[in-house]
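Have a look at the structure below before the remarks.
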Amino acid sequence: MSISTNLPATGSRSNAELLSSLPQGSNAIVVPLFSAEDSIELAVSELFDAPTSRSLLTTFEALGAKGSEGELLRVPAPENVDADFLLGVGLGEAEELSDESLRRACGAAARSLAGVRHAVVTLGAFGMQAAVEGFLLGAYHFSGVRSKESGKAPVELLSFLGDEDEREVFEQALITSESVMLARDLVNTPSSSLYPETYADELVSYAEAFDLEVEVLDFEQLKEEGFGGIVAVGGGSARKPRLVRLRWSPENPKHRVALVGKGITFDTGGISIKPGANMDDMISDMGGSAAVVGTIIAAARLGIDIEVTATIPLAENMPGGSAYRPGDVIRHYGGLTSEILNTDAEGRLVLADAIARACEDEPEYLMEVATLTGAQLVALGDRTAGVMGSDGFCDFMADTGNDVGEQAWAMPMPEELGEAIKSPVADLQNISRDRKGGMMVAAWYLSHFVSEGVQWVHFDIAGPGYSSSAHGYTPKRGTGVPVRTFIAALQTLANSHQD
Numbered sequence: 495m496s497i498s499t500n501l502p503a504t505g506s507r508s509n510a511e512l513l514s515s516l517p518q519g520s521n522a523i524v525v526p527l528f529s530a531e532d533s534i535e536l537a538v539s540e541l542f543d544a545p546t547s548r549s550l551l552t553t554f555e556a557l558g559a560k561g562s563e564g565e566l567l568r569v570p571a572p573e574n575v576d577a578d579f580l581l582g583v584g585l586g587e588a589e590e591l592s593d594e595s596l597r598r599a600c601g602a603a604a605r606s607l608a609g610v611r612h613a614v615v616t617l618g619a620f621g622m623q624a625a626v627e628g629f630l631l632g633a634y635h636f637s638g639v640r641s642k643e644s645g646k647a648p649v650e651l652l653s654f655l656g657d658e659d660e661r662e663v664f665e666q667a668l669i670t671s672e673s674v675m676l677a678r679d680l681v682n683t684p685s686s687s688l689y690p691e692t693y694a695d696e697l698v699s700y701a702e703a704f705d706l707e708v709e710v711l712d713f714e715q716l717k718e719e720g721f722g723g724i725v726a727v728g729g730g731s732a733r734k735p736r737l738v739r740l741r742w743s744p745e746n747p748k749h750r751v752a753l754v755g756k757g758i759t760f761d762t763g764g765i766s767i768k769p770g771a772n773m774d775d776m777i778s779d780m781g782g783s784a785a786v787v788g789t790i791i792a793a794a795r796l797g798i799d800i801e802v803t804a805t806i807p808l809a810e811n812m813p814g815g816s817a818y819r820p821g822d823v824i825r826h827y828g829g830l831t832s833e834i835l836n837t838d839a840e841g842r843l844v845l846a847d848a849i850a851r852a853c854e855d856e857p858e859y860l861m862e863v864a865t866l867t868g869a870q871l872v873a874l875g876d877r878t879a880g881v882m883g884s885d886g887f888c889d890f891m892a893d894t895g896n897d898v899g900e901q902a903w904a905m906p907m908p909e910e911l912g913e914a915i916k917s918p919v920a921d922l923q924n925i926s927r928d929r930k931g932g933m934m935v936a937a938w939y940l941s942h943f944v945s946e947g948v949q950w951v952h953f954d955i956a957g958p959g960y961s962s963s964a965h966g967y968t969p970k971r972g973t974g975v976p977v978r979t980f981i982a983a984l985q986t987l988a989n990s991h992q993d
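So for the sequence shown, the numbering used here puts the first residue at 495; every next one is plus one.
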């Protein structure tokens, strides 16, 4: 069962199947090229007879193939091979091949096959999950809401060669990739179509499709129940905020995990308004919420033996007549108060309410993600998430991210930065008056809303959540980070007793 949406446009995708032998009549066969000391290696001995393999190797060598990572070369198929052409994909030195280098090479290969009807992929022999994820995520392309189609469609059908005992891994990679692509679609949808009310409606439809419990609080309910952060941030917009909670609850779960994701459907900065340049990118300020949506749907589809609850605050930060102001003091869900020094530090305010509410469920672990600070970009660049939180669990989550190819770095939380958010008129102030260490300051702020005994982690994906260019298996615009990290972490927790 794939994920259907009511979004006005979704990214283009390839279909995928697992086959045990070469099918007839494909357009392309994708084969691996490894670099050797003085030559290349074409690792297809089981696919073709010896003369055909030697002929193909000679052809690739004549074209100057080096087998270097990411190299792509097309050659006509020999007469006895039922395909139009072969695509050689460079994988580097065989002993240096990793899941991530395979994933990236497959992503580049997928983009090169745009417009092709049917391609057979032989690279699953070196890592089925990495190959499937690389091809499916690399083939994704979002062309937006257009009156006419733009550019070439991705390869229509990808046939992965593998044994039937790899079926489970294949299906897991397929489900994981579909959740990542859903997160990308949500991020890429313009705010004119995806705002708190319509976003909440979309999540209700997912809950119905995947047998998730769902609860939606509207603006009046948020005010009545004391969600002061969400009410303040969303109060300036004509499109009022929502809080959505989704729950996957298997029988006899091994752990309880809370997910929280920032859902600012558009961020002008409010009264502390942003510069106009590149403000259009702020449709992506709900990337954290998209990631937790993709994660909980994958948990349900994969049957992960963990109770997972996603708490998703949705708001639009606008400078209206009812907008909150610098100098205001707001009361969060749970009772803590915040002095507002800058209305463009709004994400932590809605997350504070959501974290406090999520902790009422007494989870053992809390994973939270947000496009939170420009300081993350300054510290770690466009592709590496900053990871902060409980000792041990923070390192575990960063290591998990790096293991699946979603770059992450565990950052410290120096005590002096926690002192910088003390307010003379409230429990906290929402920013430091000093620009130093802004990413860690935000984490310190959020830490005040985490209940004692809960192992928690905060992912700042201001850079990794939205890409300015395509690379490897990552497209331009929404990336879907860190869906794969969170899924992998849930699977690890389900199979162990991680402390």
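We put the CB at the ideal spot given by N, CA and C, even for glycine.
Predicted model, so just to flag it, every value in this text is computed and none were measured.
Is the beta carbon of residue i sitting closer than 9 Å to the one on residue j?
| i | j | result |
| --- | --- | --- |
| A566 | V525 | This sequence places Leu at residue 566; Ala is not what is there. In this structure, V525 does not lie closer than 9 Å to L566 by Cβ. |
| A677 | G972 | yes |
| D799 | T865 | no |
| V844 | G728 | yes |
| P451 | A625 | There is simply no residue 451 to check, as the chain begins at 495 and stops at 993 in what is shown. |
| G829 | G959 | no |
| A809 | I724 | yes |
| M907 | A873 | no |
| A588 | G628 | no |
| L652 | N509 | yes |
| R847 | N811 | The residue you asked about is not Arg; residue 847 is Asp in the sequence shown. Not closer than 9 Å, so no. |
| G868 | G932 | yes |
| L940 | R877 | no |
Just confirm the distance between the C-beta atoms of residue i and residue j, as a whole number of angstroms; I'd bet it's less than 8 Å.
| i | j | result |
| --- | --- | --- |
| W742 | E801 | 7 Å |
| T805 | R736 | No, T805 and R736 are not in contact; Cβ-Cβ is about 12 Å, not under 8 Å. |
| T1000 | F980 | Residue coverage of the chain in this structure runs from 495 to 993, which leaves residue 1000 outside it and unanswerable. |
| I765 | P813 | 5 Å |
| V754 | I849 | 6 Å |
| L655 | G618 | 6 Å |
| I523 | A577 | 5 Å |
| F636 | P969 | 7 Å |
| A599 | V583 | 5 Å |
| A936 | A902 | So it is not a contact: roughly 16 Å between Cβ atoms. |
| D468 | T504 | It is not possible to answer for residue 468, since the shown part of the chain is limited to 495 through 993. |
On the DSSP bridge list, what partners appear for residue i?
| i | result |
| --- | --- |
| Y859 | V751 and Q949 |
| F760 | E810 |
| L737 | L711 and P807 |
| W903 | G880 |
| H965 | T968 |
| E833 | V823 and Q923 |
| D954 | A864 and G880 |
| A613 | A522 and L652 |
| V802 | W742 and V751 |
For the alpha helix (DSSP H) containing residue i, name the first residue and the last one.
| i | result |
| --- | --- |
| L655 | Looking at the DSSP string, L655 is not in any alpha helix (DSSP H); the run it does join, the beta strand (DSSP E), is L651 to L655. |
| R568 | Careful: R568 lies outside any alpha helix (DSSP H), inside the beta strand (DSSP E) at L566 to P570. |
| E691 | P690 to A703 |
| A510 | Note, A510: premise wrong, no alpha helix (DSSP H); beta strand (DSSP E) at N509 to L513. |
| V786 | G781 to L796 |
| F636 | Neither: F636 is in no alpha helix (DSSP H) and is coded neither H nor E. |
| D593 | D593 to S606 |
| V674 | R661 to N682 |
Could you spell out where the beta strand (DSSP E) holding residue i opens and where it closes?
| i | result |
| --- | --- |
| N521 | S520 to S529 |
| M882 | A879 to G883 |
| V538 | It is not in any beta strand (DSSP E) - V538 carries neither H nor E in the DSSP assignment. |
| L501 | No beta strand (DSSP E) contains L501, which DSSP labels as neither H nor E. |
| V583 | A577 to G584 |
Under 8 Å: does the beta carbon of residue i sit that close to some heavy atom of the ligand PLP?
| i | result |
| --- | --- |
| E909 | Inclusion of the ligand PLP in the displayed structure is not the case, the ligand content being empty and no account of it being possible. |
* **Meets three-Cβ-pair contact criterion under 8 Å: the segment 562–577 and the segment 543–550** => yes
* Taking one C-beta from the segment 762–782 and one from the segment 674–689 each time, how about it: are there three or more such pairs within less than 8 Å? -> yes
* Asked: Does the count of Cβ pairs from the segment 847–863 and the segment 913–931 closer than 8 Å reach three?
  -> no
* Asked: Do three or more CB pairs link the segment 663–680 to the segment 526–539 at distances below 8 Å?
  -> no
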